[in-house]
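This report refers to the structure that appears directly beneath it.
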Amino acid sequence: MLRAGTAQSGRIQECPTLPNIAAERLHRLASTIVAATGSSPDEAKAVADHLVMSNLTGHDSHGVGMLPDYVKNCRAGLLVPNQTLKVLRDVGAVLLVDGGRGFGQTMARDAMRLGAERAKKLGCAVVGLRNASHVGRIGFWAEQCAAEGLVSLHFVNVADHDPLQAPFGCSDARLGTNPFCVAVPGADGKPMLLLDMATSAIAFGKARVARNKGVPVPDGVLIDAEGRPTTDPTTYVDTRKGALLSFGLHKGSGLAIFCEVLGAALIGGQTIAPHHERLDGIVNSMLSLLVDPAVFGDLESMRAEVQAVIDWVKASPPAPGFEAVLMPGDPENLARAKRAAEGVPIDPKSLSDILAAGASLELDPAELRRIVED
Ligand code: NAD
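If you count by this note's numbering, then the sequence shown holds residues 492 to 865, one letter each, in order.
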């Protein structure tokens, strides 16, 4: 196992650490920068809510570290503030909506609101969201559905930039990191189980965070431009040469392909296929299936059965090297409790990239730094 800062290439430079930052401060930083892109106060808040919640759940890949990309894309006209969702089709349980390259945080929120309304009326809804900018951490949308008492499944593709994931057997990148997510709600409106994952072995943002912190990525997740295994994320993150491997060999790779097919091709979204011009922005398309579990019968016995499955699996003695058996969603819940109490760790490079993004919008970097450091 490589130590931080000692990857084989010797090029990874380990960086010093900063004190943790309280979520409220990160929220102020994020909403100030998003507002400076021209977003309304509602949109700036929605984006900041989402990014900071990603940090709190432990997914720094999808937290405030996304702001430099968002600012770059806004400045290039590839992310458009203050978009309103356009309903393209409305047939029975099916809704097809277009996000007009708007902030994914508002486009997906509004798409899930429409879907939840429909699912509560009909028992289920199938929502195709095309052409949103980055919809971020997909678990956030499953949590929104769970808060309405709904089971949800989400198949997502990523387009408009070069591919990042090498499917099984490929020596170069052919797909985005295409996330998949599924959740089942409990009686309290929180997910009892929430599986939310990139179909690449790790999300691209995790390679970015590793690169910024100066630590290697785990073995077996990354190949270089020649298709050889590497743990050094520097070249991949800086030049996008190389690829993350699909998780789970041929099975994860198959799911990644279905995220492309269901998340985009089925709903008329932009796929990663090369006949689509890639402008180096981020376009997510997402197929969401929302189901009211009450349509299948007794909610209480459904929840009791889910709990029995959880208890049964968790009762297994942890395998060597494991402290405990966790369920999908447990790591995020644990991170949320810890980071709400202790603040969010941000590495200096990520913070200075965020401040530079703010400066490119004429915000004073010293003022921005005061938001998080005073
Ligand atoms: P991850 O590998 O950290 O976790 C994936 C899933 O595994 C989670 O549901 C987690 O609860 C579960 N898990 C983790 N450790 C576990 C353990 N020890 N036992 C049991 N379950 C465990 O996540 P990831 O694949 O790196 O994805 C990170 C985030 O990136 C996700 O929120 C995803 O939605 C997001 N993402 C978004 C996009 C986009 O374009 N919008 C693209 C890719 C990924």
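Every residue gets a Cβ at the ideal spot worked out from N, C-alpha and C, and that includes glycine.
Residue i Cβ short of 7 Å to the ligand NAD heavy atom set
i: Leu685; result: yes
i: Ala694; result: yes
i: Met818; result: yes
i: Ile629; result: yes
i: Val626; result: yes
i: Thr668; result: yes
i: His553; result: yes
i: Asn564; result: no
i: Cys672; result: yes
i: Val647; result: yes
i: Met598; result: no
i: Asp821; result: yes
i: Asn622; result: no
i: Ala689; result: yes
i: His550; result: yes
i: Asn775; result: yes
i: Lys805; result: no
i: Lys577; result: no
i: Lys840; result: no
i: Lys697; result: yes
DSSP beta-bridge partners of residue i
i: Ile512; result: Val835
i: Met466; result: The shown model of the chain, from 492 to 865, leaves out residue 466, and the question about it has no answer.
i: Arg621; result: Asp589
i: Ala616; result: Leu781
i: Pro682; result: Pro676
i: Val582; result: Val585
Cβ-Cβ distance between residue i and residue j below 8 Å
i: Asp589; j: Gln761; result: no
i: Val571; j: Ala521; result: no
i: Asp710; j: Thr722; result: yes
i: Leu587; j: Gly614; result: no
i: Asn648; j: Gly754; result: yes
i: Pro676; j: Gly733; result: no
i: Ile837; j: Ile524; result: no
i: Met557; j: Gln574; result: no
i: Leu517; j: Val543; result: yes
i: Arg699; j: Ser552; result: yes
i: Ala537; j: Arg600; result: yes
i: His645; j: Met777; result: yes
i: Val863; j: Asn546; result: no
i: Val782; j: Ala610; result: yes
i: Pro839; j: Gly549; result: no
i: Ser624; j: Arg592; result: yes
i: Arg794; j: Ala678; result: yes
i: Arg860; j: Leu846; result: yes
i: Phe695; j: Leu736; result: no
i: Ala535; j: Gly849; result: no
i: Gly630; j: Asp560; result: no
i: Gly595; j: Ala637; result: no
i: Gln635; j: Met603; result: yes
i: Val617; j: Pro784; result: no
i: Asn703; j: Ser841; result: yes
i: Ala514; j: Ala832; result: no
i: Gly606; j: Ser779; result: yes
Within-8 Å CB hit, residue i to chain C
i: Asp601; result: In the displayed structure, chain C is absent; only one protein chain is listed.
task = Indicate whether the contact test is met: 3 or more Cβ pairs, each with one atom in the stretch 647 to 656 and one in the stretch 744 to 763, closer than 8 Å.
result = The stretch 647 to 656, when compared against the stretch 744 to 763, does touch it at the 8 Å Cβ threshold.
message = I'd like the ranges of any alpha helix (DSSP H) spanning at least 4 consecutive residues and lying wholly in the stretch 706 to 793.
response = 725 to 730 and 740 to 751
message = At 3 residues or longer, what runs of the beta strand (DSSP E) sit wholly inside the stretch 628 to 679?
response = 642 to 650 and 671 to 676
request  = Could you tell me which uninterrupted alpha helix (DSSP H) segments, each at least 4 residues in length, are contained entirely in the stretch 505 to 579, listed from first to last along the chain?
outcome  = 514 to 527, 532 to 547 and 558 to 566
query = Looking at C-beta atoms only, is the number of pairs between the stretch 727 to 742 and the stretch 581 to 597 that lie closer than 8 Å three or more?
reply = no
request  = Determine, using beta-carbon pairs with one atom in the stretch 528 to 543 and one in the stretch 794 to 814, whether at least three such pairs fall under 8 Å.
outcome  = no
query = Do three or more CB pairs link the stretch 557 to 569 to the stretch 767 to 787 at distances below 8 Å?
reply = Result yes; three or more Cβ-Cβ pairs closer than 8 Å.
query = Is the number of C-beta pairs between the stretch 705 to 720 and the stretch 665 to 672 that are closer than 8 Å three or more?
reply = no
query = Hey, which unbroken runs of the alpha helix (DSSP H) at 4 residues or more fall wholly within the stretch 794 to 845?
reply = Within the stretch 794 to 845, the alpha helix (DSSP H) runs of at least 4 residues that lie entirely inside it are, in chain order, 821 to 833.
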